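Student: As given, the protein sequences belong to chains A and B, one line each in that order.
Mind the numbering: the first sequence is residues 201 to 531 in the numbering used here, read in order.
Mind the numbering: the second sequence is residues 591 to 891 in the numbering used here, read in order.
We treat Cβ as the ideally placed atom computed from N, Cα and C, and that holds for glycine.
Model, not experiment: these values are computed from the prediction.
Sharing a structure with you now.
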Amino acid sequence: MPNKDIKLNRDWKKQDALKALPTRDGFGEGLIEAGKRDGNVYAICADLTESTRVDGFKKAFPDRFVQMGVAEQAMAAIGAGMCLAGKTVFIASYACFSPGRNWEQIRTTGCLQKTNLKIVGAHAGVSVGPDGATHQMLEDIALMRVLPEMTVLVPCDSIEAKKATILAAEIDGPVYIRLAREKSPVYTTEATPLELGKAQIFREGSDVALIGCGPLVYQCLLAAEMLAEEGISACVVNNVSVKPMDEKTIIEVAKKCGAIVTIEEAQAVAGMGSAVCELLAEEYPVPISRMGMQDRFGESGEPDELLEHFKLTAPHIVLVAKKILKKKSIK
Amino acid sequence: MPDIRPILTLSEKKLLSLELQANEIRKDILKMLTEAGSGHSAGPLGMADIFTALYFHILHHDPNKPLWDDRDRLFLSNGHIVPVRYATMAHAGYFDKSELMTLRKLGSHLQGHPEITHLKGLENTSGPLGDGAPQSVGTAYIGKKENKPWHVFCAMSDGELEAGIVWEAAMFAGKYKLHNLTWIIDRNNIQIDGFTEDIMPLEPIKDKFEAFGFEVIEVDGHNIDRFVDACREAQAIWERPVVIIAHTIPGKGVDFMEFDYKWHGAPPGKGPEDTFKKADQLNEALKDLRTLGGKIKSEHE
Numbered sequence: 201m202p203n204k205d206i207k208l209n210r211d212w213k214k215q216d217a218l219k220a221l222p223t224r225d226g227f228g229e230g231l232i233e234a235g236k237r238d239g240n241v242y243a244i245c246a247d248l249t250e251s252t253r254v255d256g257f258k259k260a261f262p263d264r265f266v267q268m269g270v271a272e273q274a275m276a277a278i279g280a281g282m283c284l285a286g287k288t289v290f291i292a293s294y295a296c297f298s299p300g301r302n303w304e305q306i307r308t309t310g311c312l313q314k315t316n317l318k319i320v321g322a323h324a325g326v327s328v329g330p331d332g333a334t335h336q337m338l339e340d341i342a343l344m345r346v347l348p349e350m351t352v353l354v355p356c357d358s359i360e361a362k363k364a365t366i367l368a369a370e371i372d373g374p375v376y377i378r379l380a381r382e383k384s385p386v387y388t389t390e391a392t393p394l395e396l397g398k399a400q401i402f403r404e405g406s407d408v409a410l411i412g413c414g415p416l417v418y419q420c421l422l423a424a425e426m427l428a429e430e431g432i433s434a435c436v437v438n439n440v441s442v443k444p445m446d447e448k449t450i451i452e453v454a455k456k457c458g459a460i461v462t463i464e465e466a467q468a469v470a471g472m473g474s475a476v477c478e479l480l481a482e483e484y485p486v487p488i489s490r491m492g493m494q495d496r497f498g499e500s501g502e503p504d505e506l507l508e509h510f511k512l513t514a515p516h517i518v519l520v521a522k523k524i525l526k527k528k529s530i531k
Numbered sequence: 591m592p593d594i595r596p597i598l599t600l601s602e603k604k605l606l607s608l609e610l611q612a613n614e615i616r617k618d619i620l621k622m623l624t625e626a627g628s629g630h631s632a633g634p635l636g637m638a639d640i641f642t643a644l645y646f647h648i649l650h651h652d653p654n655k656p657l658w659d660d661r662d663r664l665f666l667s668n669g670h671i672v673p674v675r676y677a678t679m680a681h682a683g684y685f686d687k688s689e690l691m692t693l694r695k696l697g698s699h700l701q702g703h704p705e706i707t708h709l710k711g712l713e714n715t716s717g718p719l720g721d722g723a724p725q726s727v728g729t730a731y732i733g734k735k736e737n738k739p740w741h742v743f744c745a746m747s748d749g750e751l752e753a754g755i756v757w758e759a760a761m762f763a764g765k766y767k768l769h770n771l772t773w774i775i776d777r778n779n780i781q782i783d784g785f786t787e788d789i790m791p792l793e794p795i796k797d798k799f800e801a802f803g804f805e806v807i808e809v810d811g812h813n814i815d816r817f818v819d820a821c822r823e824a825q826a827i828w829e830r831p832v833v834i835i836a837h838t839i840p841g842k843g844v845d846f847m848e849f850d851y852k853w854h855g856a857p858p859g860k861g862p863e864d865t866f867k868k869a870d871q872l873n874e875a876l877k878d879l880r881t882l883g884g885k886i887k888s889e890h891e
């Protein structure tokens, strides 16, 4: 059963009854809210205003919206220059281009200067679909989490994306928010907590922990249900704050469950799962399997097809969880 | 319209004092670079006249209040010439001159390339070429939108015009007609690997900037009087950003460094030995400056 304190939508299990929205929608709403709360919030977009959902902010605050054109490197540095003049600046594009193309500018003008630059990477992951590998960003979590001063947030649904955006505006320093293009179930509620540096236990369990980030956390919940039917108690952790990561909760979960599966729509190398491995290797080693893209690029296809093809759905999580349980018993 | 804070014309007396000041700043640049044992010589020496003019005549600033809201903003895009900025700031009273000798050392405010988190009074962290120009554009955009009285300057190199981000930023400055923005390009024709026109031809720079919506003013970067005039003109131009192409001599003031790209990235004591041995390079350079390149004879010679 889901953790009551998390206050998930009571219909969380009935996917058909849930609204399906992309996390970028929640970002768009959160950006308007952040703009209402603080007149110093600006948004810059690199010719993708509608698809990154900055259009709502543009309409609400036309004089605080800046059209950059296709120039992601300058977008980061010009945004940082606006930060130096006292503003909080969201820069939005597809994750492949920002932070894909402008990493050095983010490093120097965002992190090293510790400006209030908020990088919003939309269309992350293979679920971008038919556009194919060029537009399916898989390395952004790795690129951003390695940077000192950077905060990395990967919201699990549209409602959490809205909260993450409002939170990002309040954080002192650079923040990266990772968003998805494709619709996914909206199963958290306005009452679901979101706190910087906190992982949320969506479901208590004691045999194995499924630690996810982004829309795939929902697949973890479904997998936990399937595992329960087989008598396996799976804990589900929404690791939304990839950096700073909630070390306390991750270690507690490792101690309680003794085996972990991480899952993300990104390269399994150097991403969220790797962050979990780094922590537990030093603090409390347990068997871990990292699910994600296994050192390869994506390709064209329908989003659902691709998630299935790359084994990132609930039934695959179940298989991997059962495998890791065997390793646990060997130990 | 914001209040205009005029840049005054130079009296002859002030001009002379600025020229002498620039010479003193050059001496400190050489000493601090020698003490550091690494760093760039040619660019800082070449820009000493311009930085002197900026800090001692053009900029509205207060060394006692480096974060004063209404200060003019001077960005530095080619961070490697920062010794000239550090030396000029020390002379202007931002910090004690003795601190110049900590350049590039552990715990120093004076990082090898400038960092705003280490020293107040800088506007940006720079080093990776091309990043300062767009930041100056972002700040100028806000300044124009909010009718701020301050002006935004950005000193940059010619070599970094090879970076695409500079032109992305130029396009933006042209689009938003940032009249409160003045870029100052150190046109010294050298970069680490050789002469700019061999490495990657930049000319015609003037035409390029005009095509991007800038007003272009060309000056002799060692003629302080003319440079001040150019800044006055830049201030008077509305509806367009301005770029001042300052023709400078790399290594200016030290005979054996002038025009030699091998001095781009070397400090005295580590430079090429075609004229002087490493051990003599600092003293010979200082000697050049003491006599202003032979223009004056010092009493003990």
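Would you verify that the beta carbon of A/I377 is, or is not, closer than 8 angstroms to some beta carbon of chain B?
Tutor: Taking the first sequence and counting its residues from 1, the one referred to as residue 377 of chain A is at position 177. No, because no Cβ of chain B sits closer than 8 angstroms to the Cβ of A/I377.
Student: Out of B/P739, B/K695, B/N613, B/D788, which has the shortest C-alpha to C-alpha gap to B/L882?
Tutor: Sequence index remark: in the second sequence, residue 882 of chain B carries index 292 (1-based). The shortest Cα separation from B/L882 among B/P739, B/K695, B/N613, B/D788 belongs to B/N613.
Student: One question on the structure: do A/S489 and A/K456 come within less than 8 angstroms of each other, judged by their Cβ atoms?
Tutor: Stepping through the first sequence from its first residue, residue 489 of chain A is reached at position 289. Stepping through the first sequence from its first residue, residue 456 of chain A is reached at position 256. It is not a contact, given that the beta carbons lie outside the stated cut-off.
Student: Buried or exposed for A/K287, going by 16 or more other Cβ atoms inside 10 Å?
Tutor: For this step, residue 287 of chain A is matched to residue 87 along the first sequence. It is buried - the Cβ of A/K287 has at least 16 other Cβ atoms within 10 Å.
Student: With DSSP collapsed to three states, give me the class of A/N438.
Tutor: Indexing the first sequence from 1 puts residue 438 of chain A at position 238. The answer is strand: DSSP assigns A/N438 an E or B state.
Student: So which residues of chain B does A/I278 contact, with C-beta pairs closer than 8 angstroms?
Tutor: Locating residue 278 of chain A in the first sequence gives position 78, counting from the first residue. Those are P724, Q725, V727, G728, Y731, A759, F762, listed as they occur along chain B.
Student: Within a Cβ cutoff of 6 angstroms, which residues of the same chain sit near B/Y684, ignoring the five residues on either side of it in sequence?
Tutor: Here the question's residue 684 of chain B lines up with position 94 in the second sequence. P653, G711, listed in sequence order.
Student: Taking Cβ-Cβ distances shorter than 8 angstroms, what residues in chain B pair up with A/T308?
Tutor: On the first sequence, residue 308 of chain A is found 108 positions in, with the first residue counted as 1. Residues of chain B passing the Cβ test: T715, S716, G717, P718, D721.
Student: Could you run through the stretch 281 to 308 of chain A and flag, in chain order, every residue whose CB is less than 9 angstroms away from some CB of chain B?
Tutor: Residues G281, M282, C283, L284, A285, G286, K287, V289, N302, E304, Q305, R307, T308.
Student: Less than 8 angstroms separating the beta-carbons of A/V461 and A/I371?
Tutor: Along the first sequence, one-based indexing puts residue 461 of chain A at 261. Along the first sequence, one-based indexing puts residue 371 of chain A at 171. Contact flag unset, no.
Student: Distance, Cα to Cα, A/L525 vs A/V486?
Tutor: Position 325 of the first sequence, counted from the start, is the residue given in the question as residue 525 of chain A. Position 286 of the first sequence, counted from the start, is the residue given in the question as residue 486 of chain A. Those two C-alpha atoms are separated by around 11 angstroms.
Student: Fully enclosed by the stretch 311 to 392 of chain A, which beta strand (DSSP E) runs are 3 residues long or longer?
Tutor: Taking only runs of at least 3 residues, the beta strand (DSSP E) segments lying wholly in the stretch 311 to 392 of chain A are 317 to 322, 351 to 353, 375 to 378.
Student: Looking at chain B, is there any beta carbon in it that lies within less than 8 angstroms of the beta carbon of A/K314?
Tutor: Counting from one through the first sequence, the residue named residue 314 of chain A turns up at place 114. Output row for A/K314: interface = yes.
Student: How many Å lie between B/E609 and B/G841 at the Cα?
Tutor: Translated into positions along the second sequence, residue 609 of chain B becomes position 19. Translated into positions along the second sequence, residue 841 of chain B becomes position 251. Going by the C-alpha atoms only, they are around 16 angstroms apart.
Student: Throw me the rounded Cβ distance for the A/V266 and A/A246 pair, which I believe falls under 8 angstroms.
Tutor: Sequence index remark: in the first sequence, residue 266 of chain A carries index 66 (1-based). Sequence index remark: in the first sequence, residue 246 of chain A carries index 46 (1-based). In fact, because the Cβ distance is near 10 angstroms, the residues do not count as touching under 8 angstroms.
Student: What does B/T772 touch in chain E if you count any residue whose Cβ is under 8 angstroms from its own?
Tutor: You won't find chain E in this structure, because its protein chains are A and B.
Student: Would the stretch 783 to 797 of chain B and the stretch 749 to 757 of chain B be scored as touching if the rule is three or more Cβ pairs under 8 angstroms?
Tutor: Result yes; three or more Cβ-Cβ pairs closer than 8 angstroms.
Student: Examine chain B for any beta-carbon lying closer than 8 angstroms to the beta-carbon of A/A243, and answer yes or no.
Tutor: Here residue 243 of chain A is taken as the residue at index 43 of the first sequence, counted from 1. With 8 angstroms as the cut-off, A/A243 does not count as an interface residue toward chain B.
Student: Using three-state DSSP, classify B/V674 as helix, strand or coil.
Tutor: Mapped onto the second sequence, residue 674 of chain B falls at position 84. Looking at B/V674 - three-state DSSP - the assignment turns out to be helix.
Student: With 8 angstroms set as the bound, which would you pick, yes or no: does the beta-carbon of B/A705 sit closer than that to a beta-carbon of chain A?
Tutor: For the purposes of this step, residue 705 of chain B is identified with residue 115 of the second sequence, where counting begins at 1. Residue identity differs from the one stated: residue 705 of chain B is Glu in this sequence, not Ala. So, interface residue.
Student: Name the DSSP beta bridge partners of A/A292, please?
Tutor: Looking up residue 292 of chain A in the first sequence gives position 92. In the DSSP output, where bridge partners are listed per residue, A/A292 has A/C245, A/V320.
Student: Identify the continuous alpha helix (DSSP H) that holds B/S726 and give its terminal residues.
Tutor: As a first step, residue 726 of chain B is located in the second sequence; it is residue number 136 there, counting from the start. Residues 722 to 735.
Student: Per DSSP, what kind of secondary structure is A/R490 in: helix, strand or coil?
Tutor: Translated into the one-based positions of the first sequence, residue 490 of chain A becomes position 290. Strand at A/R490.
Student: Does the Cβ of B/D878 have 16 or more other Cβ atoms within 10 Å, making it buried, or fewer, making it exposed?
Tutor: Start at 1 with the first residue of the second sequence, and residue 878 of chain B comes out as number 288. Classification for B/D878: buried.
Student: Please check if any C-beta of chain A sits within less than 8 angstroms of the C-beta of B/I755.
Tutor: Translated into positions along the second sequence, residue 755 of chain B becomes position 165. True, the Cβ-Cβ gap to chain A drops below 8 angstroms.
Student: Beta-carbon within less than 6 angstroms of B/A745's beta-carbon, same chain only, minus the 5 sequence neighbours each way: which residues are those?
Tutor: For the purposes of this step, residue 745 of chain B is taken as residue 155 along the second sequence, with counting starting at 1. Counting only Cβ-Cβ distances below 6 angstroms, and skipping sequence neighbours, we find L666, I774.
Student: Helix, strand or coil, according to DSSP, for B/Q701 in the structure here?
Tutor: The residue given as residue 701 of chain B occupies position 111 in the second sequence. B/Q701: coil per DSSP, three-state reduction.
Student: Which same chain residues, not among the five before or five after B/L598, have their C-beta less than 8 angstroms away from its C-beta?
Tutor: Here residue 598 of chain B refers to the residue found at position 8 when the second sequence is read from its first residue. Here the set comprises H647.
Student: Please name the residue, chosen from A/G458, A/F257, A/K258, A/Q494, that lies closest to A/E465 on a Cα-to-Cα basis.
Tutor: Residue numbering aside, residue 465 of chain A sits at position 265 when the first sequence is read from its first letter. Per the Cα distances, A/Q494.
Student: Given this structure, state the Cα-to-Cα distance separating A/E233 from A/I366, to the nearest angstrom.
Tutor: The residue given as residue 233 of chain A occupies position 33 in the first sequence. The residue given as residue 366 of chain A occupies position 166 in the first sequence. When rounded, the distance between both Cα atoms is 7 angstroms.
Student: Determine, for A/A260, whether the minimum Cβ-Cβ distance to residues of chain B falls below 8 angstroms.
Tutor: By 1-based counting over the first sequence, the position of residue 260 of chain A is 60. No, no contact with chain B.
Student: Evaluate B/S631 with the Cβ neighbour count: other Cβ atoms within 10 Å of its Cβ, from every protein chain shown; 16 or more gives buried, anything less gives exposed.
Tutor: Taking the first residue of the second sequence as 1, we reach residue 631 of chain B at position 41. Buried, because 16 or more other Cβ atoms sit within 10 Å of the Cβ of B/S631.
Student: Are the beta-carbon atoms belonging to B/L644 and B/I619 less than 8 angstroms from one another?
Tutor: On the second sequence, position 54 is the one that residue 644 of chain B refers to. On the second sequence, position 29 is the one that residue 619 of chain B refers to. Not closer than 8 angstroms, so no.
Student: Going by other Cβ atoms of all chains shown within 10 Å of its Cβ, with 16 needed for buried, is B/F639 buried or exposed?
Tutor: Translated into positions along the second sequence, residue 639 of chain B becomes position 49. The question names Phe, but residue 639 of chain B in the sequence shown is Asp. Answer is buried; the Cβ neighbour count reaches 16.
Student: Less than 8 angstroms separating the beta-carbons of A/A438 and A/C356?
Tutor: The count along the first sequence starts at 1 and reaches residue 438 of chain A at position 238. The count along the first sequence starts at 1 and reaches residue 356 of chain A at position 156. A quick correction: the sequence has Asn, not Ala, at residue 438 of chain A. Their beta carbons are under 8 angstroms apart, which means A/N438 touches A/C356 by this criterion.
Student: Looking at C-alpha atoms only, which residue of A/K363, A/S474, A/L379 is the closest neighbour of A/I411?
Tutor: Position 211 of the first sequence, counted from the start, is the residue given in the question as residue 411 of chain A. Comparing Cα-Cα distances from A/I411 to each of A/K363, A/S474, A/L379, the minimum goes to A/S474.
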